[in-house]
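Structure, as structure tokens:
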Amino acid sequence: ADCETMFAAKSLVNALGGNLLEGRQTGLDYDVTSLSAVNFNTGIAEAENADVILLVGTNLRWEAPLINTRVRKAAWKKGAKVFAIGPETDLTYKVQWLGDDASLVAKLPAAVLDALKGAERPMLIFGGGALSVPGVHGAGLALAKSVNAVKDGWNGFNVVHFSAARMGSLMLGYGLPGGIKDVVAAKPKLAFFLGADEVDFAALPDTFKVYVGHHGDKGAHAADVILPAAAWTEKDFTTVNTEGRVQRSEKAVFAPGDAREDWSIFRALADALGVSLGFDSFAQCRAAMIAAVPALGVEGLADYGWTVPKLAAKPEARAIPSPIKDFYLTNAICRASPTMQRCSEELVHGADFAEAAE
């Protein structure tokens, strides 16, 4: 979801006395007390200047293709060494794979550790697969300190998010200590799902589910009530990418049928429920959001500083999973696309298609 949608939903939930806000649908529960510790701090463009790179639990080619091209440039054109922990895959450049055991983060081979310590611009990149293993986040931060990856003019500690809305949601407070498990444990009577299609809805059997979204995906099928909303092409919105860059986009087309812009749905619900959200228009909604989180009012890179939370630094000895199973079907719009379905069947699952005769 975009930032204005999340802010409007948060405003309604808060007005109704609730505070359960979570954006990590698949069960991730890494620490979010420091935004700098979950940001791609090096920056997408600067990534090509790293001279020794360690990838942990990330298939950059699928999770962040633009970052992957920068790492490829660093490796191919500038001779950077690239090491990786996690499931092996073809990233299109030379990688020394160290295995998929998460505990390797805390006990790297001496040659790898020496290479990182001797680098002028060492870069560590942790993916969602890595952060799903307890202890990896803390071990990664400890490693960054030991190899001097964060110094004047260079921050080489990075997290790659595979959800487009992640950094914006964290800036708006969508992050519980136990992740979505905290929501399940609270057994809420009512829950809003903002285009959320990857939640384990069976874990909330007694919750009245309201789906606010588009394209009728899994979340819509699990909902008790569906409130059709605008897709990202059908509204103005603010979003924040994985490097903490605040971006604005404008409406290209109007939403079809009875679909409405998300903020107006929550504004109308507030009226019906007898509560006030403090805004009556999109402009007022955005202004209220910026008042609450000033960084969302300035386009460009947000400044999260550098704060290191105190976390357990002993990763569990287990294989790091790959969070993305199908590159072509990662969101509701792609899953509704016949073209992307065919790409998935042919390029991921190996199906053969007969070509039409000329």
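One rule links them: number in the numbering used here = place in the sequence shown (from 1) + 181. The beta carbon of each residue, even a glycine, is placed where N, CA and C say it ideally should be. Just so it is clear, the structure is predicted and the values come from calculations on it, not from any experiment.
Between Pro504 and Gly309, the C-beta gap is smaller than 8 angstroms, which places the two residues in contact. Here Arg426 is bridged, per DSSP, to Leu482. Under the 8 angstroms Cβ criterion, the segment 262-282 does not count as touching the segment 471-486, having fewer than three qualifying pairs. Take the alpha-carbon of Ala231 and the one of Thr273: they are about 17 angstroms apart.
Per DSSP, Asn195 is one residue of the alpha helix (DSSP H) stretching across 184-196. When DSSP states are grouped into helix, strand and coil, Tyr211 belongs to the coil group. Counting only residues of its own chain and dropping the five nearest sequence neighbours on each side, Phe382 has a CB closer than 6 angstroms to the CB of Ala403. Taking the Cα of Gly198 as reference, the smallest distance to any Cα among Leu454, Pro502, Leu477 is reached at Leu454. Boundaries for Leu216: no alpha helix (DSSP H) harbours it, and the DSSP string shows neither H nor E there. With respect to the 8 angstroms criterion, Trp335 and Arg302 are classified as neighbours on the basis of their beta carbons.
Straight through space, the alpha carbons of Thr207 and Leu510 are spaced by roughly 16 angstroms. Beyond the five residues adjoining it in sequence on each side, Lys370 comes within less than 8 angstroms, by CB distance, of Asp387, Thr388, Phe389 in the same chain, given in chain order. Ranked by Cα distance from Glu415, the options Val406, Gly394, Ser192, Glu424 are led by Gly394. The three-state reading of DSSP puts Trp487 in coil, since its state is none of H, G, I, E or B. Cβ contact annotation for Gly354 (same chain, cutoff 8 angstroms, sequence separation greater than five): Lys191, Leu202, in chain order. DSSP, read as helix, strand or coil, puts Gly394 in strand. Counting the other CB atoms within 10 Å of its CB gives Val331 a total of 16 or more, which places it among the buried residues.
One alpha carbon belongs to Pro475, the other to Asn222, and they sit about 20 angstroms apart. Beta-bridge pairing by DSSP links Arg516 to no other residue. Taking a cut-off of 8 angstroms on C-beta distances, the segment 434-449 does not touch the segment 348-367, as fewer than three cross pairs fall below it.
Annotation: the segment 216-277 contains the following complete segments of the beta strand (DSSP E) (minimum length 3 residues), in chain order: 233-237, 262-266.
Taking a cut-off of 8 angstroms for Cβ pairs, the segment 204-220 and the segment 234-243 do not touch, as fewer than three such pairs fall below it. 8 angstroms or more divides the Cβ of His342 from the Cβ of Ile514.
Of the candidates Lys368, Val286, Lys362, Val286 places its Cα closest to the Cα of Phe307.
Judged by DSSP secondary structure, Ile471 falls within the alpha helix (DSSP H) whose first and last residues are 463-473.
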